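What follows is a short report on a single structure.
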Amino acid sequence: RCHGAGCPPPASCPRPGGILREERPCLPAARHELREALRMTGPPTRAGGCLSARNTALRCLVVAALSQGALLSSAGTAQQTIVVGGNFSFSGSGVATNLAQYNRGSSDWSAEYEPRLFVYGAASGVVYDMAVNASDPSDPDGSTTDVLYMVGAFDTNCKTCQTQFCSVGRWDGETLEKVGEGLCSSQSSPTATIRTLVLGNRGDLFVGGSFNTRVWNGSDFVFVDHVARYVGAQKRWLPLATRSLGCSGDCQVSVSSLAWDAHDQVLFVGGTFTRLGSQYLPAGIVYWNQSKSAWHVPNLEAGPRSIMGGAVSISSMAYDSSQQELFVAGNFSAVNHSSCYGLASFSLQSGRWQCVATSDFSFLLVSSLLYDAETKSLFASGLPLPNSSWWRSNRFAIQPFTIARYVYRRRNAASGGNSGHAGGDGG
Numbered sequence: 001r002c003h004g005a006g007c008p009p010p011a012s013c014p015r016p017g018g019i020l021r022e023e024r025p026c027l028p029a030a031r032h033e034l035r036e037a038l039r040m041t042g043p044p045t046r047a048g049g050c051l052s053a054r055n056t057a058l059r060c061l062v063v064a065a066l067s068q069g070a071l072l073s074s075a076g077t078a079q080q081t082i083v084v085g086g087n088f089s090f091s092g093s094g095v096a097t098n099l100a101q102y103n104r105g106s107s108d109w110s111a112e113y114e115p116r117l118f119v120y121g122a123a124s125g126v127v128y129d130m131a132v133n134a135s136d137p138s139d140p141d142g143s144t145t146d147v148l149y150m151v152g153a154f155d156t157n158c159k160t161c162q163t164q165f166c167s168v169g170r171w172d173g174e175t176l177e178k179v180g181e182g183l184c185s186s187q188s189s190p191t192a193t194i195r196t197l198v199l200g201n202r203g204d205l206f207v208g209g210s211f212n213t214r215v216w217n218g219s220d221f222v223f224v225d226h227v228a229r230y231v232g233a234q235k236r237w238l239p240l241a242t243r244s245l246g247c248s249g250d251c252q253v254s255v256s257s258l259a260w261d262a263h264d265q266v267l268f269v270g271g272t273f274t275r276l277g278s279q280y281l282p283a284g285i286v287y288w289n290q291s292k293s294a295w296h297v298p299n300l301e302a303g304p305r306s307i308m309g310g311a312v313s314i315s316s317m318a319y320d321s322s323q324q325e326l327f328v329a330g331n332f333s334a335v336n337h338s339s340c341y342g343l344a345s346f347s348l349q350s351g352r353w354q355c356v357a358t359s360d361f362s363f364l365l366v367s368s369l370l371y372d373a374e375t376k377s378l379f380a381s382g383l384p385l386p387n388s389s390w391w392r393s394n395r396f397a398i399q400p401f402t403i404a405r406y407v408y409r410r411r412n413a414a415s416g417g418n419s420g421h422a423g424g425d426g427g
């Protein structure tokens with residue numbers, strides 16, 4: 001939709017096309033820090049269900065950058081737009097919303113046409129993650145509209161609506177639609193909490209979170225636990241495979257991050273879990289090969305560990321498809337039995353783990369990762385280590401948050417050198 005001065009009449013308003021490319025980073029910030037980080041004009045002032053009184057690094061607002069253009073104005077000039085999702089309200093409005101767009105050209109915020117999400121008639125729906133399926137100029141139907149997929153915790157898009165979204169929605173800028181049928185949780189837990197999503201090949205969509213349900217596979221009802229695949233060709237939800245994720249002790253299974261290797265059709269799954277079927281996992285990370293329909297464990301003997309003992313939870317992942325390398329963030333303090341805090345990488349080719357950075361450029365807790373293939377840069381946001389070069393401690397900022405950029409430099413593996421990363425920027 002067009003907003004602001006200079007927009008053409010509604011009838012001739014151009015639809016966005018080929019504009020949405022990357023999703024996230026999430027800003028792990030408390031209320032005043034979020035204002036400062038986004039430099040908002042009329043910013044969201046409340047984030048229901050995600051802001052912490054202790055200012056811990058939580059995934060509060062999801063930020064999707066509309067790179068490569070965004071909305072085309074009547075003059076044909078590109079204006080970059082940012083979409084934020086969560087549960088928040090604008091200054092003075094008092095009305096909860098779940099999506100808002102920020103136009104960097106006009107410095108305006110807009111949430112007039114964005115969907116509002118509800119849970120049992122209350123405006124308490126929340127968006128946790130978003131991804132964009134960019135339009136294809138060669139599409140035979142001539143569509144030039146990007147589609148935004150969102151997940152979170154919501155069941156309807158109005159107070160009295162009966163349509164059950166099951167915490168997954170598809171938005172084309174005008175209409176919020178369901179994605180398939182049957183992903184709603186069981187009767188004991190009617191609203192699924194879906195934390196993350198990633199787009200697969202050929203119209204497939206993968207989602208992860210904390211949910212249990214049953215879906216129809218064409219001949220029978222089958223269980224789906226915490227990870228589900230929407231098969232675009234069949235327009236139905238299905239489980240990945242027979243073995244499911246589990247937890248030992250008091251932990252509760254939750255999938256917090258997904259990453260996709262489009263070339264080899266491999267899905268990486270990270271979160272809080274300690275079992276794959278009956279197999280024990282020291283860290284909450286596994287991957288699924290779609291062509292073989294089989295689960296695999298990424299050499300966890302040399303993988304992320306905690307020097308304090310106990311299982312490791314994975315908070316975020318990002319994938320470099322050109323090098324088949326997975327970047328992993330979590331609450332670990334060692335990799336390859338050596339000190340490594342919070343950020344590591346796994347090579348799908350060699351099966352080796354590497355630490356991303358030294359303690360000078362490390363995080364105590366990473367809330368989000370984003371890899372940019374063009375600049376070969378890894379962006380991370382979260383809470384830095386107290387002994388890092390980014391830590392600032394005073395009576396006004398006890399726990400500073402950082403958004404950092406790592407520039408990846410590889411050494412010659414034949415010479416025995418390890419992969420290395422250098423911290424580029426931190427703020």
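In this text, residue positions in the sequence shown follow full-length UniProt numbering: the first is 1, and each later residue adds one. Cβ atoms here follow ideal geometry from the backbone N, Cα and C, with glycine treated the same way. Treat the numbers as computed from the prediction; the structure is a model and nothing was measured.
| Item | Value |
| --- | --- |
| Can you tell me which of the three DSSP states Asp-172 falls into? | coil |
| Output needed for residue 475: all residues of its chain with C-beta closer than 6 angstroms, excluding positions within five of it in sequence on either side, in chain order. | Residue 475 cannot be examined here, being either before or after the span of the chain that is shown, 1 to 427. |
| Report yes or no: do the region 115-131 and the region 160-173 share at least 3 C-beta pairs separated by less than 8 angstroms? | yes |
| Mind checking whether Pro-386 and Thr-402 have CB atoms under 8 angstroms apart? | no |
| Which class does Asp-250 belong to by DSSP, given the choice of helix, strand or coil? | coil |
| How many Å lie between Thr-81 and Glu-181 at the Cα? | 31 angstroms |
| If contact is defined by three or more beta carbon pairs under 8 angstroms, each pair taking one atom from either stretch, is the region 210-223 in contact with the region 233-242? | yes |
| Assuming residue 478 is part of the beta strand (DSSP E), what are its boundary residues? | Outside the displayed span of the chain (1 to 427) sits residue 478, for which this structure offers no information. |
| Which residue wins for smallest C-alpha separation from Glu-112, given the options Gln-101, Asp-250, Phe-327? | Gln-101 |
| Whose C-alpha, out of His-296, Val-126, Ala-131, is nearest the C-alpha of Gly-152? | Val-126 |
| Between the alpha carbons of Asn-98 and Arg-170, how many angstroms are there, rounded? | 14 angstroms |
| Could you check the C-alpha separation between Gly-382 and Val-366 for me, to the nearest Å? | 4 angstroms |
| Please report how far the alpha carbon of Gly-85 lies from the alpha carbon of Leu-176, in whole angstroms. | 14 angstroms |
| How would you label His-226, buried or exposed, when you count the other beta carbons within 10 angstroms and need 16 or more for buried? | buried |
| Rounded C-beta distance between Ser-208 and Arg-195? I'm assuming under 8 angstroms. | One detail in the question is off: residue 208 reads as Gly in this sequence, not Ser. The Cβ separation is near 6 angstroms, so the contact holds. |
| Count the other CB atoms, across all protein chains shown, that sit within 10 Å of the CB of Thr-156; report buried if there are 16 or more and exposed otherwise. | buried |
| Rounded to the nearest angstrom, how far is the Cβ of Asp-360 from that of Ser-389, given a contact under 8 angstroms? | 5 angstroms |
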